[in-house]
Amino acid sequence: MKVAVIGTGYVGLVTGTLLAEIGHDVTCIDIDEMKIELLKTGIPTIYEPGLEQLLKNNLEKQKLSFTTNHATAFQNVELVFMAVGTPQGENGQANLSYIEQAAKDIAQTIDHDVTVVIKSTVPPGTNDYVEQQILKNLIHPVKIHVVSNPEFLREGHAIEDAFHGDRIVIGSEQREAGDLVESLFAPLQIPIVRTDRRSAEMIKYAANAFLAVKISYMNEIANLCDAIGADVTAVADGMGMDKRIGRAFLNAGIGYGGSCFPKDTEAVVHLAKQQAMQLSIVESAIKTNKAQRHRFVEKVLRHFDGNLTNKKIAILGLAFKPNTDDMREAPSVTIIDELQKNGAIIHVFDPIVTNEYSAASLYDCVTKADAVLLVTEWQDFLHADWTEIGKLVKGKVIFDGRNALEADKLQQLGWTYIGVGRERKRVYGFQES
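When the letters of the sequence shown are read in order and numbered with the working numbering, they come out as residues 239 to 671.
Structure follows, in structure tokens:
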């Protein structure tokens, strides 16, 4: 099929590349000329493992192209995907200005029957609104159907998720339009969920809110574990063996960040308030998540008796999670800010992201550091030579904000290890009788 994708951000670029890879002819549109010129040369504008090679392959096969011209992109297309941003508004609601602009562009340009697919995360009712707006502003007498097809891509694992996802959700009020979208994705052989548009929109919000709640719940359990001397990793392992619970998203740490969970939880809370309802559980998850990064800084302060003046703190990781360059709602921002306010001298290393405090290498970052903080669990850090790092630091104390390092090994190497929900973690031995 011939497909156009509006937006070349994270969702749009991955979606367009995926559709080209499974055989469709795809044109991606963006108003940013510099971004389009880079993409035309095969240089991705986001960091995502595996994306660059797929991008170059499909450019060479002429299955994928990029333009700033809507008329060029829409020529003879059967489907137009909306994959524009829906950033958080002032009161937590989703900002739909980019969606509205995309609807206007379609209405003023399209000259034949087409199915519009909304891939962006939008509040329930948005697909209905978009369809009304397009039909209201059409220049040519054509038929338009709008289908909801929310994305479920994990940053850092987007290519894997795109090709091997758990499900594809298709919400449509018109069966033939839904059938067309289903046939588009048929080569992937991923289970399809067919429903109405509002339910499809709600599935995305409900799923992300649930995962955010699960993370925040585990972080509260971790804080209790700190207080009573339990190890939250053992607690999570034991809980996760229960098939009703599962082990995924039970990793305690400094909280979630990124472009989805913070924005989508706020949006679903705002949606409930519009209906004179309160989502107390989701609201509590948001509150717990924000508090978690402050608790992490408090651990550092306690260790240094409340005085961080002129203490060199080595921060390992800036991105909100590994295998991405996304800094949206990254816990590192809050942590660095609070440490600086308490007089700390910050040095940072991230394999992909840089800022004004970035060191040239991991070893430069930790040299003469009074403490090391693991903020993003990049494999570079998990498999680093901690014996060598121990020779470079001034103080052999590691604060593991992701509970990703091997506490026992570090303690055997002489490190003071402080995790989240593992403050009293120690090397256990058994005395023979």
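Note that beta-carbon positions come from the ideal geometry of N, C-alpha and C, so glycine has one too. On a predicted model such as this, the values are computed, not experimentally measured, just so you know.
Residue pairing of CYS603 in beta bridges, as defined by DSSP: absent, with no partner found. Proximity of the segment 546-556 to the segment 483-503 falls short of the contact definition, fewer than three beta-carbon pairs being nearer than 8 angstroms. CA-to-CA, the gap between GLU661 and ALA460 works out to about 10 angstroms. Secondary structure note for LYS481: it is in no alpha helix (DSSP H), with a DSSP letter that is neither H nor E.
In the DSSP annotation of this structure, PHE448 is not part of any beta strand (DSSP E); the continuous alpha helix (DSSP H) holding it starts and ends at 435-466.
DSSP, read as helix, strand or coil, puts SER497 in coil. Secondary structure note for PHE587: its beta strand (DSSP E) is the uninterrupted segment 583-587. Under the three-state reduction of DSSP, LYS634 is assigned to coil, being neither helix nor strand. A buried status is given to THR614, since no fewer than 16 other beta-carbon atoms sit within 10 Å of its beta-carbon. In the DSSP assignment, the residues bridged to ILE406 are ILE430. If you ignore the 5 residues before and after ILE453, its C-beta comes within less than 6 angstroms of the C-beta of PHE487 and TYR494, all in its own chain and listed in chain order.
According to DSSP, LYS550 shares a beta bridge with ILE583. In this structure, the straight-line span from the alpha carbon of ARG432 to that of ASN446 is close to 19 angstroms. With a threshold of 16 other beta carbon atoms within 10 Å, PRO361 meets it and is buried. ASP351 is classed as exposed because its beta carbon has fewer than 16 other beta carbons within 10 Å across all chains shown.
Counting every other CB atom within 10 Å of its CB across the protein chains shown gives THR279 a total below 16, marking it as exposed.
Pairwise C-beta distances place the segment 324-339 out of contact with the segment 289-299, as fewer than three of them are shorter than 8 angstroms. In chain order, VAL243, VAL264 and CYS266 place their CB closer than 6 angstroms to the CB of GLY254, counting only its own chain and leaving out the 5 sequence neighbours on each side.
Taking a cut-off of 8 angstroms for Cβ pairs, the segment 377-397 and the segment 338-352 touch, as three or more such pairs fall below it. Look at the segment 245-333 and you find these whole runs of alpha helix (DSSP H), each 4 residues long or longer: 248-259, 271-278, 289-298 and 308-312. Nearest to ASP434 by alpha-carbon distance, out of ILE428, PHE448, ASP417 and THR592, is ASP417. Nearest to GLY394 by alpha-carbon distance, out of ILE356, GLY633, GLY288 and GLN346, is GLY288. At least 7 angstroms separates the beta-carbon of GLY363 from that of GLY247. In the displayed model, TYR655 falls within a strand according to three-state DSSP. Check the Cα spacing between ILE656 and each of GLY491, ILE524 and VAL249: the tightest is with GLY491. Going by DSSP, SER386 is part of the beta strand (DSSP E) stretching over 382-386. Boundaries for ILE372: no beta strand (DSSP E) harbours it, while the alpha helix (DSSP H) harbouring it runs 364-375, taken from the DSSP string. Counting only the Cα atoms, VAL355 lies some 14 angstroms from ARG413. Under the three-state reduction of DSSP, THR359 is assigned to coil, being neither helix nor strand.
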